[in-house]
Structures are given as C-alpha cells and as structure tokens.
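A.B. asks:
In UniProt numbering, the protein residues as written are 1 to 390.
1. Can you list, in chain order, the stretches of the alpha helix (DSSP H) that have 4 or more residues and sit fully within the stretch 98 to 178?
2. I want to check one thing, is the minimum distance from the CB of residue 92 to the heavy atoms of the ligand NAP below 6 angstroms?
3. Do residue 214 and residue 252 have their beta-carbon atoms positioned less than 7 angstroms apart in this structure?
4. Exposed or buried, residue 315, counting other C-beta atoms within 10 Å across all chains shown (16 or more means buried)?
5. Quick one: give me the first and last residue of the alpha helix (DSSP H) that residue 244 is part of.
6. Looking at the unbroken alpha helix (DSSP H) that takes in residue 83, where does it start and where does it end?
7. By the 10 Å Cβ neighbour count, where 16 or more other Cβ atoms means buried, how is residue 7 classified, buried or exposed?
8. For residue 156, tell me which candidate among 31, 231, 114, 326 has the shortest Cα-Cα distance.
9. When burial is assigned at 16 or more other CB atoms within 10 Å of the CB, is residue 38 buried or exposed?
10. Just the C-alpha distance for residue 287 and residue 223, rounded to the nearest angstrom, thanks.
11. Taking residue 51 as the reference, which of 72, 89, 187 has the closest Cα?
12. Would you mind reading off the limits of the alpha helix (DSSP H) that contains residue 319?
13. If you pair each beta-carbon of the stretch 124 to 135 with each one of the stretch 72 to 92, do three or more pairs fall below 8 angstroms?
14. I need the straight-line Cα distance from residue 166 to residue 70, nearest angstrom please.
15. Look at residue 260 and residue 284 and say whether their C-beta atoms are less than 7 angstroms apart.
16. Pick helix, strand or coil for residue 35, following the three-state DSSP scheme.
17. Residue 118 to residue 239, Cα distance in whole Å?
18. Figure out for me which residue from 76, 329, 348 has the closest Cα to the Cα of residue 291.
19. Do the CB positions of residue 168 and residue 190 come within less than 7 angstroms of each other?
20. On a CA-only basis, which of 97, 247, 366 is nearest residue 60? Give me that one, please.
21. Between 242, 203, 146, which has its C-alpha nearest residue 116's C-alpha?
22. Run through DSSP, which three-state label would residue 332 get?
23. Express the C-alpha separation of residue 272 and residue 217 in angstroms, rounding to a whole number.
24. For residue 107 and residue 244, what's the separation of their Cα atoms in angstroms?
25. Cutting at 7 angstroms between CB atoms, please list the residues of its own chain near residue 325, excluding the five before and the five after it.
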C-alpha cells in the first residue's frame, strides 16, 4: 500500500468535473484500499482504453501515480496491455519519451515471453508512426530487424495467444509501408484470424477490407481470392462507395475480364490500380485459364487455343504464352500440343472455392459417381465370364 496512490486517487476524485470520472476514481480507490489487486488490474485496464477517461485524465500522470505501483503485483502480460494507451498518448507530444518509456517497460517484463513480445509490438507500432516530412518511416531498417527477431519468438509460442494479433498487425503495417502487397495480404489475414472482430470499429473494418482487397489485386502471385471472399470483413464494404471492390474481387476469382472492365469507372480513379491495369488483366487471364480447367472433368481437359482465346479475351497467337506463364507459376500442370493447337491440363492449383465453384464441383463428383456405378455394374454382370476365362 502507498500513501502516494491513495492521495492521488482522492485528489483526482475531488477535482474532476465529470461525475462519471469521479465515480471511476472512487471505484479505483475502494479496490486499492481493499488490496483487490486482480479486480483493480481489470478496472485499470478497462479505463486506460476508455476514450472518455483518457480525455479527462493525463495517462502518463496516471501511470506514474497508480500503475507504476502495481507493476510488481500484477500479471506482466496485463501490464504490457495497460501501458500501450499510455505510450500512444505520450507519443503525441514526445516521441522519444514514448520510445524510452516502452523500452523501460520492456526491461521490466523481459521474464515473461508473451509480455515481452507485446511490448515489442507496441514499440514497433510507435516506430511505424514516426514519419519524416515526406511521410516515410524514419526507422524502417530498425523496424525490419525488430520484426524479424520478434517473429522468431512468436513462432516459438504454442497455439494462438493474445500477443499474436498485435504482432501480425504491426508486421502487416510494415509490409504495407514498404509496398509488399502480397506479404501484407498474407499477414493481414493472419491478423484478422487472431483478432476479436468485436474490438474493431466500423471504420477500422472498412479500412481493413479496402487494404486487403487492393493487396489481393496488386499482390504478386496471389491467385487465391476465395479465403478473402469468404471472410466477413468484406461485409464492411457493402452499401458503401467502395462496394464495387467486392464485385471486382469476384470477377478475378471467376476469371471474368469483361466484368472487371465494367467497373473501370470505379477502379480507374485509384492510381495504384490504374497504373497496373495491364498486369491486372494478365492476372485475370491466368485465373480465367484456371477456371476453364476447373470447370472440366478429368476426361475432358483438352482445351483448344480458340476457346481460351475467346474466354480470356486474348489473341490466339498469345494463348501459348499465357499457358506457359501459368505453367511456370505452378498454377496448372499439363502440356501444350502445338500441332493440334490444344492444351491438356492435368492439375489446377488448389484454392478456396466460392459456393458456385463448389456446386460445379459437386456436379462433377455426381457424374463421376454415376460412371463408377456403371463400371461396377459391368464388372458384376461379367464377373463370371471373366473368372472363367482366367
């Protein structure tokens, strides 16, 4: 117990003008006097993330007078979570002070691996927010090193822990910062897979959906859109001015170049997409080839150059190059018959399927089952004759 803490809580309770905040300090004072450390920790954690509390209270002062007294009484991971809003608030007026503050906390929690990872993720978050006059990160090289080292510690953890989501979030932000669309796409999906969606505001969900959609389109070697299309995060775009992005993603997933072009008035205003139009059309043509092969049963995968040309909206003379590109990227396996001008596809890269694609596959499975039953009937009816001949 500390007189300093009690005096601070009493003083704040008396001087704040908000009855709501005064009641919060009353609760904190009661819990502290009763030495209910767990309940006090939960209340402190709740309030530092409360925007109303942060508006009326200097969080750094609150840390110095209350939280610092609890450092050796509470779970270190809880401490790491509690100091994050404090560090962000300090960063607004004193960037170096915020860095020093978290580094001090990092030393205090180093015995707890998860707590250490959480503090490091918070430190990376602040470094990512530290921009120069041109809007670029000042410490990008240091950030890269910190992420690489922390990734090793995260990989050693068993299962999904509370520190996974914050780390994947800053890792994704770093990859976005350096323009690695494919890396950002994979890391952001990891983040959403670990994060509690209820913690995200409507605006945050909208931003995440937009960034993921653009990353999926622009990311090199991303040809699997099914996982994103099945994710509820895209619901944040429906009914908004950016709702067209969902339709564009569906056009890519089905390899529909014409549908993509229908939305040019929408995506054409975005420079990243506009300047990559040619590459995006090349990507959608590859997906079209995959879709053609996927829609055929194993007995009918000899596809003519003409059919590929028509469905992929490409000249016949360029079909062979398109197929070679798909083969080199490992999207399909097969061979090209230059004499008969056909392509034989034996394998298509696995991907998450849309409901329509699943239904199409179920029909093929049904047809395969009928063929198997027919063969079974032939064997059963002719078994006696076959056995006698042998």
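Just so it is clear, CB atoms sit at the ideal spot from N, CA and C, and this is done for glycine as well.
C.D. replies: Looking at the coordinates:
1. 113 to 129, 140 to 156, 164 to 177
2. As far as ligands go, the structure on display features none, and thus does not contain the ligand NAP.
3. no
4. exposed
5. 244 to 253
6. 76 to 91
7. Burial call: exposed.
8. 114
9. exposed
10. 7 angstroms
11. 89
12. 319 to 328
13. yes
14. 23 angstroms
15. yes
16. coil
17. 36 angstroms
18. 348
19. yes
20. 97
21. 146
22. For residue 332, the three-state secondary structure derived from DSSP is strand.
23. 10 angstroms
24. 48 angstroms
25. 286
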